[in-house]
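Novice: In our numbering, the protein residues as written are 513 to 836.
No residue lacks a Cβ here, since even glycine has one placed at the ideal position from N, Cα and C.
Bear in mind that the values here come from a model prediction, so they are computed numbers and not experimental data.
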Amino acid sequence: MDERTTMQQFIKLMVLSTLLSVFSSILNAGPWFTGPLLAPAGHTVPRGHTNFELYGIDILTNGRYDQSGTVIHTPLTRSFVANPIITHGFTNWLDVQLILPYVFNSTQGERYNRLSDVSVALGFQLLEQKSRHDHFDFRLLVQETFPTGRFDNLNPAQAGTDATGLGSYQTQIGLNFQHLIQLFGSHYLRTRLILNRNFAGSVRVNGLNSFGGSVKTQGQIAPGAENTGDLAFEFTLNQHWVAVLEGTASTGQATRFNGILNVGSIGNTSVSIGNNKYHERSLAPALEYNFNSNVGLIGGVWFPVRGQNTAHFKTYILALNTYW
513 MDERTTMQQF IKLMVLSTLL SVFSSILNAG PWFTGPLLAP AGHTVPRGHT
563 NFELYGIDIL TNGRYDQSGT VIHTPLTRSF VANPIITHGF TNWLDVQLIL
613 PYVFNSTQGE RYNRLSDVSV ALGFQLLEQK SRHDHFDFRL LVQETFPTGR
663 FDNLNPAQAG TDATGLGSYQ TQIGLNFQHL IQLFGSHYLR TRLILNRNFA
713 GSVRVNGLNS FGGSVKTQGQ IAPGAENTGD LAFEFTLNQH WVAVLEGTAS
763 TGQATRFNGI LNVGSIGNTS VSIGNNKYHE RSLAPALEYN FNSNVGLIGG
813 VWFPVRGQNT AHFKTYILAL NTYW
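Here's what the structure looks like:
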């Protein structure tokens, strides 16, 4: 065997060894996830690290479920929300999250855009799964929403597009559970269960507002508390692709109003404000593509399957997730 043949065989051996090494590392690498569309993480961002998500949310609302669950169709309203979410880990058990949604509303030829209600959240890691299959991650999330969006003294000519917030301080307590298990060799299933309760403070409203009323409305409105449950499954198809199925259920108390709906026309039944007790069931299937363990995309659609005194909508969501 001459020297040239020996060198060629050596190069082939090195290339084959490199390919086998890369293939082996892919097979043995941990799962890559971006996260479902709606359910927040069950684990805090570690100390010194940051997670940034940029959501594009396109909401198409064409009706409302009435008291009996029948859809009453209304003119199409479209809201596009550019929603950056940044989370930074201050310790291994505490992270802080900032949510800054900006809304573009349109309906019947009217358009309006403005900052919506901003939120700040604290995440506390209470339990960790680590490598134990009989344990799970548990993160307590406390979120406060500030009334930075516009909510009252709305312009009737804008057809409601100038409403970008609810006007009240809202406090949400979330119990975020998360569990990861390896299935069928190289596949993984990550499950999240989220239980939330949201409390909204009373707010003084004047004129046409996010809750309804008329240009002559004056009074105070107290939104009811809301309970939400979210169950999400992420299943790795391979290292890059992940299939997601997510379902939510929410119930809310009726809104209470104290004041005058229409000054000079007391008792006018054509003017209403707030909402009755409501409930909703929805699904949010999605597909993830993860470029690596730190960068991924997710896209999907969120829609109701049942409701009472809630909106009938279809929401398309695309999100970029980065971690460093």
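1) Applying the criterion that 16 or more other CB atoms from any shown protein chain within 10 Å of the CB defines a buried residue, is VAL715 buried or exposed?
2) Here's the rule I'm using: 16 or more other beta-carbon atoms within 10 Å means buried, otherwise exposed. How should ILE584 be labelled?
3) Use the C-beta contact count for GLU656: other C-beta atoms within 10 angstroms, 16 or more gives buried, fewer gives exposed.
4) Is the separation between the beta-carbon of HIS600 and that of HIS555 shorter than 9 angstroms?
5) Count the other CB atoms, across all protein chains shown, that sit within 10 Å of the CB of LEU653; report buried if there are 16 or more and exposed otherwise.
6) How is the beta strand (DSSP E) around THR589 delimited, first residue to last?
7) Considering only their Cβ atoms, is the gap separating ASP664 from ASN721 smaller than 9 angstroms?
8) Sorted by chain position, which residues of the same chain lie with C-beta nearer than 6 angstroms to THR683's C-beta, five sequence neighbours on each side aside?
9) How would you label ASP674, buried or exposed, when you count the other beta carbons within 10 angstroms and need 16 or more for buried?
10) Going by CA-CA distance only, name the one from THR763, ALA796, PHE745 and TRP814 that's closest to TYR790.
11) With C-beta atoms as the reference, is VAL632 less than 9 angstroms away from PRO668?
12) List the endpoints of the continuous beta strand (DSSP E) containing THR740.
13) Tell whether a beta-carbon distance below 9 angstroms holds between ILE772 and PHE723.
14) Rounded to whole angstroms, what's the CA-CA distance from LEU473 to LYS826? Just pull it up for me.
15) Do the CB positions of GLY808 and LEU830 come within less than 9 angstroms of each other?
16) Can you tell which of ASP607, THR603 and TYR624 has its C-alpha closest to the C-alpha of PHE592?
17) Let's see if you can read the secondary structure: which residues bound the beta strand (DSSP E) around ASP570?
18) Whole beta strand (DSSP E) runs in the segment 745-826 with 3 or more residues, listed along the chain?
19) Quick check on the DSSP output: the beta strand (DSSP E) that includes GLY635 runs from which residue to which?
20) What did DSSP end up calling GLN620 once you bin it into helix, strand or coil?
21) Closer than 6 angstroms by C-beta to GLY741: which residues in its own chain qualify, once you throw out the five before and the five after it? Chain order, please.
22) Mind checking whether ALA744 and LEU566 have CB atoms under 9 angstroms apart?
23) Express the C-alpha separation of GLY677 and GLY759 in angstroms, rounding to a whole number.
24) When you compare each of ASN604, THR603 and LEU634 to LEU610 by their alpha carbons, which one comes out closest?
25) What three-state label does DSSP hand ALA669 in the structure shown?
26) Cutting at 8 angstroms between CB atoms, please list the residues of its own chain near HIS699, excluding the five before and the five after it.
27) Going along the chain, which residues of its own chain have a beta-carbon closer than 6 angstroms to the beta-carbon of GLN637, five neighbours each way excluded?
Specialist: With the given structure in hand:
1) For the purposes of this step, residue 715 is taken as the residue at position 203 of the sequence shown. The residue in question, VAL715, is buried, as its Cβ has 16 or more Cβ neighbours within 10 Å.
2) Translated into positions along the sequence shown, residue 584 becomes position 72. When all chains shown are included, ILE584 counts as exposed.
3) The residue given as residue 656 occupies position 144 in the sequence shown. Classification for GLU656: exposed.
4) Along the sequence shown, one-based indexing puts residue 600 at 88. Along the sequence shown, one-based indexing puts residue 555 at 43. No; because the gap between Cβ atoms is not below 9 angstroms, this pair is not in contact.
5) Locating residue 653 in the sequence shown gives position 141, where the first residue counts as 1. The residue in question, LEU653, is buried, as its Cβ has 16 or more Cβ neighbours within 10 Å.
6) Position 77 of the sequence shown, counted from the first residue, corresponds to residue 589. From DSSP, the beta strand (DSSP E) with THR589 extends over 583-601.
7) The residue labelled residue 721 in the question sits at position 209 within the sequence shown. The residue labelled residue 664 in the question sits at position 152 within the sequence shown. Result yes, Cβ atoms of ASN721 and ASP664 sit closer than 9 angstroms.
8) Here the question's residue 683 lines up with position 171 in the sequence shown. Here the set comprises GLU656 and PHE711.
9) By one-based count along the sequence shown, residue 674 stands at place 162. When all chains shown are included, ASP674 counts as buried.
10) Numbered from 1 along the sequence shown, position 278 holds the residue referred to as residue 790. Ranking the options by Cα distance to TYR790, first place goes to THR763.
11) Position 120 of the sequence shown, counted from the first residue, corresponds to residue 632. Position 156 of the sequence shown, counted from the first residue, corresponds to residue 668. Going by C-beta atoms, VAL632 is not nearer than 9 angstroms to PRO668.
12) Locating residue 740 in the sequence shown gives position 228, counting from the first residue. Counting along the chain, the beta strand (DSSP E) containing THR740 begins and ends at 738-748.
13) Residue 772 sits at position 260 when you count from the first residue of the sequence shown. Residue 723 sits at position 211 when you count from the first residue of the sequence shown. No, they are not a contact pair.
14) Residue coverage of the chain in this structure runs from 513 to 836, which leaves residue 473 outside it and unanswerable.
15) Position 296 of the sequence shown holds residue 808. Position 318 of the sequence shown holds residue 830. Cβ atoms of GLY808 and LEU830: not closer than 9 angstroms.
16) In the sequence shown, the residue the question calls residue 592 occupies position 80. PHE592 has its Cα closest to that of TYR624, out of ASP607, THR603 and TYR624.
17) Along the sequence shown, read from residue 1 onward, the residue named residue 570 stands at position 58. Here the beta strand (DSSP E) through ASP570 covers 562-577.
18) 753-764, 768-772, 790-795, 798-802 and 807-820
19) Stepping through the sequence shown from its first residue, residue 635 is reached at position 123. That run of the beta strand (DSSP E) goes 630-639.
20) The sequence position of residue 620 within the sequence shown is 108, counting from 1. Looking at GLN620 - three-state DSSP - the assignment turns out to be coil, as it is neither helix nor strand.
21) Within the sequence shown, residue 741 is the residue found at index 229, counting from 1. Contacts found: LEU707 and ALA761.
22) Against the sequence shown, residue 744 aligns to sequence position 232. Against the sequence shown, residue 566 aligns to sequence position 54. Not closer than 9 angstroms, so no.
23) Translated into the one-based positions of the sequence shown, residue 759 becomes position 247. Translated into the one-based positions of the sequence shown, residue 677 becomes position 165. When rounded, the distance between both Cα atoms is 25 angstroms.
24) Taking the sequence shown and counting its residues from 1, one reaches residue 610 at position 98. For the residues ASN604, THR603 and LEU634, the minimum Cα distance to LEU610 belongs to LEU634.
25) If you number the sequence shown from 1, residue 669 lands on position 157. ALA669: helix per DSSP, three-state reduction.
26) The sequence position of residue 699 within the sequence shown is 187, counting from 1. Counting only Cβ-Cβ distances below 8 angstroms, and skipping sequence neighbours, we find PHE747, THR748 and LEU749.
27) Locating residue 637 in the sequence shown gives position 125, counting from the first residue. Around GLN637: THR556, TRP605 and ARG651.
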